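Take a look at the structure below.
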Amino acid sequence: MRHHPEQHFAAAMPSPGIPGGYDPQLVGYTHQINVTPPSLGVPGLQAPQGLQMPPPLPLASPLAVPSLDVSLDPASPEQLNDLAAKGKQLEALQNYYASLQQTLQAERECASGSCDKVLMKLREEVAGLSPSLVALAENVTQSSQLAQDIHRWFVANGPRIRGYQESTDPSGWLAEDTKELLQKVDSLGLRWKQLQAVAFSELSPSRAVEVSTAASTTTTASTRFCPSGHAMSVFTAAKDGATCQICGALHAPGSVLMRCDLCGHEACMGCTAKAADLQVSASPLPAARDRPKQPETIPEDLPVSVDCGTPVGTPMAEPSEEETGQPQFTSFHIRR
Numbered sequence: 001m002r003h004h005p006e007q008h009f010a011a012a013m014p015s016p017g018i019p020g021g022y023d024p025q026l027v028g029y030t031h032q033i034n035v036t037p038p039s040l041g042v043p044g045l046q047a048p049q050g051l052q053m054p055p056p057l058p059l060a061s062p063l064a065v066p067s068l069d070v071s072l073d074p075a076s077p078e079q080l081n082d083l084a085a086k087g088k089q090l091e092a093l094q095n096y097y098a099s100l101q102q103t104l105q106a107e108r109e110c111a112s113g114s115c116d117k118v119l120m121k122l123r124e125e126v127a128g129l130s131p132s133l134v135a136l137a138e139n140v141t142q143s144s145q146l147a148q149d150i151h152r153w154f155v156a157n158g159p160r161i162r163g164y165q166e167s168t169d170p171s172g173w174l175a176e177d178t179k180e181l182l183q184k185v186d187s188l189g190l191r192w193k194q195l196q197a198v199a200f201s202e203l204s205p206s207r208a209v210e211v212s213t214a215a216s217t218t219t220t221a222s223t224r225f226c227p228s229g230h231a232m233s234v235f236t237a238a239k240d241g242a243t244c245q246i247c248g249a250l251h252a253p254g255s256v257l258m259r260c261d262l263c264g265h266e267a268c269m270g271c272t273a274k275a276a277d278l279q280v281s282a283s284p285l286p287a288a289r290d291r292p293k294q295p296e297t298i299p300e301d302l303p304v305s306v307d308c309g310t311p312v313g314t315p316m317a318e319p320s321e322e323e324t325g326q327p328q329f330t331s332f333h334i335r336r
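For the sequence shown, the positions run 1 to 336 when UniProt numbering is used.
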């Protein structure tokens, strides 16, 4: 049996709730669906027949804006003045900030320029020092060569030097020679003090000058005065020496000079002695009847004794090799 699609469609059962009937010509059921086109002027689509129209959607109500009753009071004069003052302060700060920026920029430019100048100056100094360094290198080379020559000379002459010198190397020879020279300088300085004490002292008829040892020197001298009339005292020059303010001579350390403790005037013994002689010669002399009569000549038969501390007739010891050429000192007494 052959089936047709129409027969199969017609044999379908009607849908429930949809009006329709059986059509014998079509051998099946028919469905009636009436679709009404929407009428003009009505929005939306109409519901099919047999179905209820859905309820309309509620319209959105307008937002309720709360009424804000804000009343602005007018500003007081104090507030306005305060705002004006703060505005001026803000403007001043802006101007100060701008000036600081300009100053900073100027300082940066100056610093960069000064650095360049300093660098250029350093380069010039280094370039100027180059010849000095070259000369210094030459001097060092010459000094090294000279030291080598001296060392070779001492090595070559070592056997001959050993006969009268303990050290045969340059350093030992220089150390011994320097030590000996220092001892001689100290001895000469001490003896120079003794000579100064004896040469610039004034002898009194009733007193004698005694120089017993190098450590103790006793002199008797009359009081001497500075140009201002103050009494001067004896002092020893320090390690820097002393300068006579009369003759301008520079005296070595350890020299004996005269000084005024009030005005600081310093003079050597010779200048103060000359000044004392001038003062004595300028002083008025006593009358002729009061002065003792001085002999015109000294009688030859007047005995004069000079005690040098050694009895007459005592044989003198021969000086040793070390003392040859050096002045010998001993205690002595000079009496009138």
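All C-beta atoms in this analysis are idealised placements derived from N, C-alpha and C, irrespective of residue type, glycine included.
Note that the structure is a prediction, hence the values are computed from the model and not measured.
Straight-line Cα distance separating residue j from residue i
{"i": "G241", "j": "E266", "result": "12 Å"}
{"i": "W192", "j": "Q245", "result": "21 Å"}
{"i": "A93", "j": "L122", "result": "The question names Ala, but residue 93 is Leu in the sequence shown. L93 and L122: Cα-Cα distance of roughly 42 Å."}
{"i": "A147", "j": "G113", "result": "50 Å"}
{"i": "D116", "j": "L250", "result": "51 Å"}
{"i": "V134", "j": "A175", "result": "32 Å"}
{"i": "G229", "j": "A275", "result": "11 Å"}
{"i": "G87", "j": "L57", "result": "59 Å"}
{"i": "S132", "j": "L188", "result": "42 Å"}
{"i": "L90", "j": "S130", "result": "59 Å"}
{"i": "S99", "j": "A106", "result": "11 Å"}
{"i": "V118", "j": "A127", "result": "14 Å"}
{"i": "L104", "j": "Y97", "result": "10 Å"}
{"i": "Q183", "j": "I150", "result": "26 Å"}
{"i": "P54", "j": "S61", "result": "21 Å"}
{"i": "E109", "j": "E125", "result": "24 Å"}
{"i": "L59", "j": "G50", "result": "27 Å"}
{"i": "D186", "j": "R160", "result": "31 Å"}
{"i": "K179", "j": "A111", "result": "59 Å"}
{"i": "Q194", "j": "G158", "result": "41 Å"}
{"i": "V234", "j": "L190", "result": "17 Å"}
{"i": "residue 341", "j": "Q101", "result": "A question about residue 341 goes unanswered here, because the residues of the chain that appear run from 1 up to 336."}
{"i": "M120", "j": "Q145", "result": "38 Å"}
{"i": "S143", "j": "A197", "result": "46 Å"}
{"i": "P77", "j": "N95", "result": "27 Å"}
Buried versus exposed, by CB contacts within 10 Å (16 or more), residue i
{"i": "V140", "result": "exposed"}
{"i": "V155", "result": "exposed"}
{"i": "C271", "result": "buried"}
{"i": "R152", "result": "exposed"}
{"i": "A84", "result": "exposed"}
{"i": "R224", "result": "buried"}
{"i": "C247", "result": "exposed"}
{"i": "C268", "result": "buried"}
{"i": "M258", "result": "buried"}
{"i": "A75", "result": "exposed"}
{"i": "A137", "result": "exposed"}
{"i": "A273", "result": "buried"}
{"i": "D177", "result": "exposed"}
{"i": "L181", "result": "exposed"}
Terminal residues of the beta strand (DSSP E) in which residue i lies
{"i": "F154", "result": "Looking at the DSSP string, F154 is not in any beta strand (DSSP E); the run it does join, the alpha helix (DSSP H), is 77-156."}
{"i": "L257", "result": "256-260"}
{"i": "C244", "result": "Careful: C244 lies outside any beta strand (DSSP E) and carries neither H nor E."}
{"i": "F225", "result": "Segment: none, F225 is in no beta strand (DSSP E) and carries neither H nor E."}
{"i": "C268", "result": "266-268"}
{"i": "P233", "result": "Here the sequence assigns Ser to residue 233, which means Pro is not the residue at that position. From DSSP, the beta strand (DSSP E) with S233 extends over 232-236."}
Proximity of residue i and residue j at Cβ, strictly below 7 Å
{"i": "residue 337", "j": "P227", "result": "The question about residue 337 has no answer, for the chain in this structure spans 1 to 336."}
{"i": "C263", "j": "M232", "result": "no"}
{"i": "V256", "j": "T236", "result": "yes"}
heavy atom of the ligand MN below 6 Å from residue i C-beta
{"i": "E180", "result": "This structure simply doesn't include the ligand MN, nor any ligand for that matter."}
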